[in-house]
Each structure stands twice: as structure tokens, then as C-alpha cells.
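Chains as they are written, first to last, in my numbering: chain P, 1 to 333; chain X, 334 to 615; chain D, 616 to 897; chain W, 898 to 1172. Ideal Cβ positions, reconstructed from N, Cα and C, are used throughout, including at glycine. Since the structure comes first, as C-alpha cells, the remarks are kept for the end.
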Ligand SMILES: Nc1ncnc2c1ncn2[C@@H]1O[C@H](COP(=O)(O)OP(=O)(O)OP(=O)(O)O)[C@@H](O)[C@H]1O
Ligand SMILES: Nc1ncnc2c1ncn2[C@@H]1O[C@H](COP(=O)(O)OP(=O)(O)OP(=O)(O)O)[C@@H](O)[C@H]1O
Ligand SMILES: [Mg+2]
Ligand SMILES: [Mg+2]
């Protein structure tokens, strides 16, 4: 999930860096204010610890994944849950990513902003609030941590795919499907590991997790968060499948079959494409238009496909919503 | 056939640190072997070669006469149990019982056997009552025992202990020494240990290897080794205080036989004073 | 006025663990004080109260006669330097030089003074050549010295060492003992240390506190303490091997004066065995 | 990855002209190179510029007296994710070309496009040049030198202190991680052992992660305590001596910056004229 240099155009890379910096500054402020100076060494050492955790090879022999590509635990959800703030994850993962980028070349320098957003901000916030809300509603830390762990891997992977798609370096469908499926499985491991790790920590050092005890907030507000996260989840889960109805290859065969394009040159006439779809609909008697309002995302001139944007937009809105709501809640306390 | 034997074992860490240099080590059945040496001599590295955690850069390690291969590595690890210095590195589970069960479970034993072994192991190290405690809350000495129990539950025939007494209080050291001796006497186990505490060597070991900078510079019985104080001093070690004292007396013309353990030294001194009389009753 | 004094100091850890129970401790100027006790007796907890890391649950800690307050805490920490058992906890900067400079930097000194102090401290512990090394490539003994240098660079008047010899080889222990004694003799520093190695107590301490379960069960000179073997045994401690041996000889009728350090014991035995002759030359 | 850390560090301790350069100079030059490379549009210009940059990198690598296998090994380490994306490019169209020519038809209606191959190559060149720059930087600069360099360039002291501590403890945890792995092996735990249930294996990994977490946390608490003993407070920072750049550092910096800016421009201008 570490986007290397060169895969994001410089303008977008800078954009992500700016967003990331906002969160880094926020997390620094959090480190200073809420945790006071005493936590700075703690967080620094924990960052090294999370780095060590990330090196634990989690390449379980899941034969589902061809080639047995290895993955490792990100640990963002765990850090956020145990330290009681998503900013802890942002802070720690930023340090980890800086080191990985500058020292190992794992994840680029220009693309580091995007990586921080994915693995620090999104993983931390989604992990934390998923855990909080599920735990508040169902009072089950174990499952809450499991789902939080899963989400903290899955959502960033989807967003990472979207970022690559927006950059135009990877087709959206391919990115979403491959990243989504792969990380849905990896997420199970992350979830399991997060849940068991948390249960051990609660047993051995309950005082660490103490600050996290379910906030006595209004149930309604928590329900909103749960609902928000559920919707985000739903989008996230269905997005790849939705998009996968358009794998490139399938798409182009379909189009060539209806004579929109010849087999050697892909130069698609958009009006013909629409006509072809209509023709298919007539032939199959299926009037349900499963095409998004925008036809193919590989069309020249149409760089930002609407549905990809829609996913990004949806995720961001929910994210901001969740964050805002939780802010309101915490301020009341 | 020896239980453990190394032949010209050389181990080089990535980064060209030669930690072991053509080392020949032999552990016969039912022996108590001490490996002593200064900080960085290579003791821990040697021990890690015994159960295939480190693969020799050159030379070989034979376990019951056979080299360690990918096929027999599980057997080897079951046969040679290692307890490292820091108990915290070896305890991962939420309860003592689960932690001790970790090894047997990995061996694929059935539940009943596991249960039986866990309780046998806990009984052996004397911490049955801690079975349901959280290991992270135990004292240093108790954690050490949990780590030992975790390895004993795999029923190894050779027990390797890396600096087992570090950080324990005098009573803890005494208990551990008694425990190691009983393993050897009652269960016929072979025990190999390293330590910086030379007086422990005299109390526990039958045979001593002296390491320096990745080489064995001497080996032999406790007597052989502690007869060479200058050699020991030159490699940052020392003779235990009792033989040192007796040697000094001998040099000063006191007719007294050499002794290494506390009891022997006491008897020797008393006899030397009283002359050739009858044994003094305790 | 004592340098450090505790009055009915009680410390209770969160979770109701009473680690210190109404403890009265006094450290006069230029003393070498040993605190001994079994694992979990409360030694480390006591030391952390000396410079205000832990605030007493009840009772008080007086530094040069004054209680520790928010205002003087920096002064107190400058005055009382503590070195914990594990050097890795105390070396947190990427290089040795930076690490030793950390304390002086926090005191707000100017760059030149910092530089000077760092090199003085490194010279004192004898590791000047390591200044630009990274800590993780150092051996255990070297790390220990870096940790000591880091504290010495703040020029404390009281040095507190928690189990300074744990994990060191015999030569390392010997060097450290020499170093501690020289701090006291040459620089007039007050040194307080804890240890599980009772024979070190005899070599270094002027005064001994014995702890058990958060209480001081005895205190006094080395002689006072080691005259009570039964008390020590009952709290998991023991008398060092030399006084134990001499006591046993005395009981068996050998006319020999008590001795605690190796040299004294050697002399005493030689005299006892050779009868009232002239001093034997070394 | 922690294992590699020890290894990389080792190469940084060698000695050469490049190793001796001031860390600030190296950081700024490498950043300039990476930004110049990334900023190039996705056109074949990348090939020429990439080639020239790579040649420049190769010269520096030779000057650093490090063996080539060191580079190859480190490149292989970070390659997988990028390479995976790059390889799959050839089957897809993208928005950077108006027209795509199919050069091969595979079963299931999959095609390979000429333009996509070119695009994949462009990505590959950008990727490799950038990664090479980072490898050079980290293989020739000690971690703490980099940190000091960043500190001298105005990295906020809070960050410098935090990062410095993180670097230090990375190694401590590197050793701890090794020991934990060793004791897992001693007790025959193998996450690939299919005789054990998935749940059990994930559980044990979870406990191991939890253990590392707790130990890091406790280490953090102990570190805090010992920092307090040395007068740690709000205004604490890491001790960094001022150090002016030497003439050779300035020369290197100026050459690099000029090179990384002019080359793309010149190439771009010539290609514009050519077409
Ligand atoms: N992972 C490693 N990489 C490189 N060198 C190492 C590594 N581990 C140990 N060494 C080096 O190998 C040598 C032997 O180390 P080892 O840990 O075996 O010594 P030891 O005798 O156990 O010392 P101690 O009594 O301090 O435990 C030392 O010089 C040490 O610095
Ligand atoms: N952070 C803590 N929270 C709760 N209890 C603690 C904590 N630290 C120590 N204790 C308890 O306080 C008591 C005293 O501990 P302390 O570390 O002071 O002992 P010690 O004499 O230094 O032992 P050792 O010789 O093993 O270092 C012990 O019972 C210990 O379990
Ligand atoms: Mg060792
Ligand atoms: Mg202690």
C-alpha cells in the first residue's frame, strides 16, 4: 500500500502533502496538549515499537492470494485504540512512514503525503471511531477491535486505489478490485491480530487502555457514527464489485463486439458507445442501465471519472462527518 | 554418540562479525556443563546454534550424531530446550498456563496430553499456584520459572540456560541451582548453562568450557579450569573467591587441600586447623 | 543536615500495591550506602523517590533539608543523579556524545560548557574514544558507562545506582567497584546503590540498609548487618561467602577475627593458621 | 525490515567522498532529483532525463565505493508493489495517450497496447531513478547524521528529539524482535504450520504483537523516567552542534542543483525543437 515516487503527478502529490501536513500539525498539537510533554518520549518509543510490529511477517499461508504476497500488520488501529486518540495513530504512523520512505525507499518522498493520509489518517480515524462506536453500542471490545482492524486496512487500500486511479496511473476498476480483494483478506489478519493484541493488553496493562473506556455519550450520537461508518463500509465494500462489472478487458470486448471500436485502435466515439449500450439493453431486454452516467474512464479528455470521484467524495464526507461529530461529543464531555 | 556435538563450528553474523571461530563442543548424556566467558565472548551465539536457530557459517552441529536439517528441525527443537536470559522475550500469552501450553500445542499434541504436560511442568518448577496469573505481573524470579516451565513442557532431553541467575536475589539463585542439580540427578537431563557468576560454576558444573572472542581457550573439569587463574584473568574472568583464598593460603605455606564448593572449603579449612583429627560433627 | 533524608516515606502504586511502607532513610555527605533486599522489596521504588520521579503517597523526602517541590525539582534532579539497571532505558539519543549532552543541554548551559562537560564525563568513565559511536553497537559494559557518563555530566553530588553490576563479567564488576570507590574518595561524592551481590556490599559500602516488602528491616555498618545471618536468610538474602566461612571457622574453634573484604579475610586466615608470626609479605 | 536496518546502517559506516559529504547537502540534492523526476510529465522525455539522471547516480554510487550488489539487493527489496502496478499497466489503456494500438491479443479479450508498454516504461524509469536516489542517500549517510542535518536545516526540535529517540529505539526493538522470534522458534511455533488452526495462529500472532506493544509502552515509560532524571522538560531538545558547510559540500550542492534543473529543461527544449 506504500505508493512509490512517480506514481502520482507532482501536483496531486503536493495536494496530498498539504492535507497530510494539516493532520500532522493537528497530531503534534494533540501530542503537546492532551498528552503533555510526558507522552512525547512514550509516543516516540511506541513508534519504534510499531515499526517493529510492522516487521512481524504476517504472510499467513492464505492460499486465496496467489503468490502468497506477504503483508504485515499496520498497527494504526491498535495504536489509536490503545492510546485513545486517532491522532496517536497519525503521529506514530507519520514517524514510521518518514523512516520507511527516507531510509528504505519503501513508499516515496513525494507520495509520502498520500501514504500518510492512507495509513495514518484514514486508518487511524476509521479504526478508532469504528472501535469506539461498535464498542459503545454492542459492548464487545473484541469484535469492535476486529472490525476496526479490518476497516483500518480495507478503507486505506480502497482510497489508495482511488488515488492511483485519479492519478491516471492505474485503471480504477483494476486498482479497486485487486487492492480491495487483497486487503479484505489481509484485513482479516489485521483485525484478528488487533483484537487478540488488544485483549492481551487489556489483561496485562488495563491502565494503558483505561482512558478509552466507552465514553458516556448520548446513544443517539453514537448511532449516527455507527450509521455513518456502516454506510462508508457499504460503499467501500460494494465499490470494487460495482466497478468490477467494468473490468477493462470486458469493457473493450463489449465495445468492440458492437463495432464501436476496431480491435486494433482504441479510439472510442462516445456517442457510439452510448448507442451500443442502448442496443444491448434492447437486445437483452434489460433496461437497467448498469453503466454509471459516465461511460468509460479510459476515454481521452475525461480524466476524472465521476464514480471514482463519488467514492472519494463519499468517503471524505463521512470521514469529516464522523470526525466533526466526535469532536462535538468530546467537547461536551 | 554425544547428545550435542559441534565440529569446527564457525558462525559469522551478517556484517562480518565472527562470533564463533571453529568451536568444538561436546555434551555427553547426563552432564552439567558450564560455558563461561566475558561479555561478547560468543556464549549466546553458541547456544543458538544448538537448536538450529542459527545455521553454522561453516562446520556442523550434530544432535545425537545427526546434523540439523530442515526435516528434523522440529525434532531437534523438541530435544534441545533453550531458555534465554531475558524472560520477557519468552512469555507471550495472557496467562501462565496458556504460555506453558504454547510449546506442546505447537507440537500438535492432543488436549489431554497438553494439559498433563503443562501441570507437570508447573509442578516441577514449583509454580502450580500461578497457573492462572497474568505473566506480565509476575516478579523477575517467577517469570524466569514460567519461561523454564514453558520449555520443560516440551520435554527436552537437553536443557540450555543462558545466564539463568542474572538479576535474581540470593535465595532465587540458590533455588535455581538446586533445581538445575535435581534435573540432572533425578531426571538424568543434560544441562548446559552460561553464567558470569564463577562461584555458581563450582557449585553446579561437572565440566567447564571457557570462551574468549569466539574461541574455546580452555576446557576441563572445574579443578582444571580454576587452576589457571592467570589465564582466566587475562580474559576478564576470575577464579571464585574460595579457591582463590585457599590457593593464597597454600602459597603462604598453610597445608590445605584445594576445594571449590562452599562445603568442601569449609571442611578443608576446619581440618587444616584441627590437624588430622576425626571429622568434626556439623 | 543530610543530603537525602526520607521521613515515614510511603509509596503506593496505582492498584494498591504498597511498595514502600513508612521508610526512614538518611544519606550523609561522602557516604557509600548499600540498599539490599530480595526481588520486589522496593529498592527501585525508593530510589525513584529520591529525585522526585515518584511523589510520596505520604511522608516526605528532604534533599539538603528541603522537601521536593515543583520549584526546586530541577535543582533536585541536578543534585541527585540516578542510574537505573537497564542501560537501554537511559541511552535515548542516536549517538553517545548527544546522549551525554542531553542532561547539560536541559540545564540550559551554553554550547561550550556542554561540550566541555561531555568530554570530562566521558574521560571520567574512560570512554572518550566512543564519543561518536552509536549506542546499539556497544557492549553491555560500555553502555553502562555511557549511562553513567550521561548522569555524571550533570555534575550531581549524590549518585544513585540501581543494580549497577547486573550482567557484567567479573572484570567489568571489578572495574565498576573501583570506579565507585574512586568517586567517593577522590570527588567526595555520596554513592547509594542497590545490588543482589552481597559480596559487593562488603567491598563497597560503609553503611547498609536491608529492605523487605517495603520496610527497612535492618540498617547499620557492614559488620552489623552480616552478623545477622538468620535475619538475612529469612528475607531471601544471605551472608557473603567469606564472613560465612569465617563464622563457621570461629564456631569450630578456630581463633580468627571477622573479615568482610577479600583482602582482610586473606590476612586473617593467614595469621590464624600461621599463628602469631610476623606479617607475611604479599 | 528491521533486519535490513542493521544491514543498511553498516554500509553507511563505510568511508568515501560521498559518505563524507555533509548530510544536508545530500538530503537537498536527493530531494531535488526526486522532485525533478516526479515533476516531469508522463511523456517519453522521461527516458532521456531518466537515463542521464541514472548515469549521474551511477557515478555517485561508484564514488561511494559501495558494491553494486548492495544496491541491487536494496532495490529488489522495495520493488514488488511498484513493479506489480507497472507490469499490469500493459494490459490497460490510460488517459495519457489519445490513441492506443493493440500489439497482442490474449485470451479472454485481454490486449497488450503499445502505448501502455511505453507508459509502463515511463513509470518504471521514474520509480527506479527515485528509489535509487533514496538508496544512495541512506546507504551513504548515517541515520543520526541525517537527523542532525535535518535539525541544522530547521527541523523543529520537537521532531528532531522524537525522531532521534525513535531511531535509537528502533535498534533496541530490532534486537528485541530478534529475540522474540528466536524464542518463538525454540518453542516450534511456525505461522505456516497448517496443522494448527488459523484462529490459533492469528491468536498467537496477536499476542505477540500485544507483547511487543506492551514492551514498547513500558520501555517508553522507563525512558521517560530516566529522561526526567536528566532534567527533561518542555524545552528539552537534542544537542546539535553548529557546523558550517565546507567548500566541497557547497560545490557538490551547486553542481547537483544546477544539474537537476537544467537537464530536464534542456532535454525538453531539444525535444520541442525536434518535433
Ligand atoms: N545480531 C548480531 N549482529 C552482529 N553481531 C552480533 C550480533 N549478536 C551478537 N553479536 C556479536 O557477536 C559476539 C558474541 O555475542 P554473544 O551475544 O554471543 O556474546 P555473549 O558471550 O553471550 O555475551 P554476554 O555475556 O554479554 O551475553 C559479540 O561480539 C557481539 O557483539
Ligand atoms: N509500575 C508498578 N505498578 C504496580 N506495582 C509495581 C510497579 N512497579 C513495581 N511494583 C511493585 O512494587 C514492589 C516493589 O518493586 P521494586 O521494583 O521497587 O522492587 P525492587 O526491590 O527494585 O526489586 P528488584 O530487585 O527485582 O529490582 C513490587 O512488589 C512490585 O511488584
Ligand atoms: Mg549472552
Ligand atoms: Mg529494582
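Around residue 781/D, the beta-carbon contacts reaching into chain X at under 9 Å are 499, 500. Per the coordinates, the alpha-carbon of residue 819/D lies some 35 Å from the alpha-carbon of residue 1070/W. A distance criterion of 8 Å places the beta-carbon of residue 430/X beyond contact range of ligand 1, judged by its closest non-hydrogen atom. Shown in chain order are the members of the stretch 39-53 of chain P whose Cβ falls below 9 Å from a Cβ of chain W: 39, 40, 41, 42, 43, 44, 45, 46, 47, 48, 49, 50, 51, 52, 53. The CB of residue 904/W comes closer than 9 Å to the CB of 347, 348 in chain X, given here in chain order. Residue 769/D reaches chain W at 1127, 1128, counting residues in chain order whose Cβ is nearer than 8 Å.
Within 8 Å of the C-beta of residue 456/X there is not a single heavy atom belonging to ligand 3.
For the 9 Å CB-CB criterion, residue 683/D and residue 666/D form a contact. Excluding the 5 residues flanking it on each side, residue 1088/W has same chain C-beta neighbours closer than 7 Å at 1098, 1102, in chain order.
Taking C-beta atoms as the reference points, residue 1084/W and residue 483/X count as a pair closer than 9 Å.
Relative to residue 29/P, the option among 1096/W, 946/W, 1154/W, 1056/W whose CA is nearest is 1056/W. Of the other Cβ atoms in all chains shown, fewer than 16 fall within 10 Å of the Cβ of residue 964/W; this residue is therefore exposed.
Look at residue 591/X here: in three-state DSSP terms it is coil, with no helix or strand label. Our two residues, residue 449/X and residue 495/X, have alpha carbons roughly 27 Å apart in a direct line. From the listed residues 762/D, 637/D, 737/D, 735/D, the smallest Cα separation to residue 698/D is found for 762/D.
Residue range 376-383 is occupied by the alpha helix (DSSP H) that includes residue 378/X. Among the residues of the stretch 406-438 of chain X, those with a Cβ less than 8 Å away from any Cβ of chain W are 407, 410, 411, 414, 415, 417, 419, 421, 422, 423, 424, 425, 426, 427, 435, 436, 438, in the order of the chain. For the pair residue 1153/W and residue 925/W, the CB atoms are nearer than the 9 Å cut-off. Taking CB atoms only, residue 457/X has no neighbour in chain W less than 9 Å away. For the beta strand (DSSP E) assignment, the uninterrupted runs of no fewer than 3 residues enclosed by the stretch 755-820 of chain D are, from N- to C-terminal side, 773-777, 805-809. At the C-beta level, residue 903/W and residue 375/X stay beyond 9 Å of one another.
Under the Cβ criterion of 9 Å, residue 444/X is not counted among the residues facing chain D.
A Cβ closer than 6 Å to some heavy atom of ligand 2 marks a residue here, and those residues are 473/X, 628/D, 630/D, 632/D, 634/D, 652/D, 654/D, 655/D, 656/D, 657/D, 658/D, 659/D, 660/D. By the Cβ criterion, the stretch 520-538 of chain X is not in contact with the stretch 579-586 of chain X, since fewer than three pairs of Cβ atoms, one from each stretch, lie closer than 8 Å. Looking at the backbone, the Cα of residue 750/D and that of residue 911/W are separated by about 18 Å. When Cβ pairs closer than 8 Å are counted between the two stretches, the stretch 717-737 of chain D is seen to touch the stretch 1119-1133 of chain W, the count reaching three or more. At a threshold of 8 Å, residue 527/X counts as near ligand 3, since its beta carbon sits closer than that to one of the ligand's heavy atoms.
For residue 204/P, the chain X residues whose C-beta falls within less than 9 Å of its own C-beta are 427, 467, 468, 469, 470, listed in chain order. Straight through space, the alpha carbons of residue 187/P and residue 652/D are spaced by roughly 49 Å. Residue 936/W belongs to the set of residues whose beta carbon lies under 9 Å from a beta carbon in chain P. In this structure, residue 1049/W and residue 1137/W form a Cβ contact; the two beta carbons are roughly 6 Å apart against a cut-off of 8 Å.
Not flagged as an interface residue toward chain D: residue 1051/W, since no C-beta distance is shorter than 9 Å. Cα atoms of residue 1150/W and residue 922/W: separation of roughly 6 Å, rounded to the nearest angstrom. With respect to chain D, the C-beta atom of residue 908/W has no partner C-beta closer than 9 Å. Within the stretch 702-737 of chain D, the complete alpha helix (DSSP H) segments of 4 residues or longer fall at 702-705, 711-721, listed in chain order.
Between the stretch 149-157 of chain P and the stretch 1056-1066 of chain W there are fewer than three C-beta pairs closer than 8 Å, too few to call the two in contact.
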